[in-house]
Structure formats: structure tokens, C-alpha cells
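*Asks:*
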Amino acid sequence: MPVLIHITPLIVFVWSHIALKATFVTTTWDETVVSGEDTPTQIKRVRTERKFSGAMEGLGIMEYVMCYHPYSKCPAGQLAGKPTFTWQGICHFRGTIDGSPPGEVILLTTNGSFVETAEAQWTIDEKTGSGGLKGLKGRGGYNHAVDVCLTGATDMWLEYTL
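If you're matching positions, the sequence shown starts at 143 in my numbering and goes up one per residue.
1) With distances taken from CA atoms, which of Val257, Gly241 and Gly231 is nearest Ile248?
2) Of all the options Met198, Ser242, Glu258 and Gly245, which has the alpha carbon lying nearest to the alpha carbon of Pro225?
3) Over the uninterrupted beta strand (DSSP E) stretch that includes Leu162, give me the two end residues.
4) Taking the alpha carbon of Gly273 as the reference point, which residue from Lys193, Leu304 and Cys209 has its own alpha carbon closest?
5) Using the C-alpha atoms, what's the distance from Gly277 back to Asp172?
6) In the DSSP assignment, the beta strand (DSSP E) including Ala197 goes from what residue to what residue?
7) Kindly indicate the opening and closing residues of the beta strand (DSSP E) around Leu233.
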């Protein structure tokens, strides 16, 4: 007796992402103490502006909350002997990514840490994309050596779908 075999089509969706590398240069840095000047652990609000180049072209405005550690010091570079710190915040990026049409998006900054390197991770706030960055999804981050600090370009990366 013949056997009837029914084959159901299988559709597999694979999340495909693009990885890019770029740099940014900090053009302004403004700190405001919010914890009180006489406390050992300083909490500061920091606003910076950054110019992105490479696979990301544009400007970013960062708003961070930073916690300076009173008993942990930077080991080297122009901040040697100064307190280390951690931070969280946002970056409002306006520009293009890999030649996209211009747009805007918010990058949520987490796990910021400054000891021997400054490093943090970004997650794209998917609901904030507009213009050529509408629908942008992904994550990334940045790091640079203590001695680079605010004077040189910071390497960054981004894995994304658009």
C-alpha cells in the first residue's frame, strides 16, 4: 500500500545584522555636582557633545549620571590619581549610519566604567528612530585608554539591523 507523506514548508528567519566601526571625538564636557560638594562619593550630571566619523557620521549629545569613587584612583595618564567612576545615560545621535539617509535615534548607555580604560555599552532604543534611522535595532559600545581621555578619537562599534 502506498504511503502518503505530507511535507510542510519550513520557513526559518535568521536575524541578520551588520557590524560597523567608527570613532567619535568629544567636543564639549560639562559636569555639575548633584550630590553635594562635601560627600565622599560624588554624583555628577555630565553633558557632552561628540562628533562621529567613519561608518557613523553625525553629532551626538550625551547626558550621563556619573558616580565618582572616593577610594579608587586612575593609575595612569592625564587623570592619574583622580577618582575612577561609573555611569549610565543616553546619547541622542543625529546623522547617518553606513550611508543611510539622515535620521535620529537614542542610544541607551549602560555599564560605563572608567579605571584603566573608559568603556560602556549601548543599546538602541528602537522606538526613537526617525528619518533614515527609523526601525534601527541593535547594540554597541566604545572604549579608549585612560591617556586618550578627552583629547583623541574614541573607537566604537555597533551591530545593527535597519
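Note that beta-carbon positions come from the ideal geometry of N, C-alpha and C, so glycine has one too.
*Replies:* With the structure as the only source:
1) Along the sequence shown, one-based indexing puts residue 248 at 106. Ranked by how close their Cα comes to the Cα of Ile248, the residues Val257, Gly241 and Gly231 have Gly231 in first place.
2) In the sequence shown, counting from the first residue as 1, residue 225 sits at position 83. That would be Glu258, whose Cα lies nearest to the Cα of Pro225.
3) Within the sequence shown, residue 162 is the residue found at index 20, counting from 1. Start and end: Ile160 to Val175.
4) Along the sequence shown, one-based indexing puts residue 273 at 131. Looking at the Cα atoms, Leu304 is the closest of the given residues.
5) As a working mapping, residue 172 is identified with position 30 in the sequence shown. As a working mapping, residue 277 is identified with position 135 in the sequence shown. Distance between the alpha carbons of Asp172 and Gly277: 32 Å.
6) Here residue 197 is taken as the residue at index 55 of the sequence shown, counted from 1. First-last for Ala197: undefined, no H or E at that position.
7) As a position in the sequence shown, residue 233 is number 91, starting the count at 1. In the sequence under discussion, the amino acid at residue 233 is Cys, which differs from the Leu named in the question. Element bounds for Cys233: Pro225 to Ile239.
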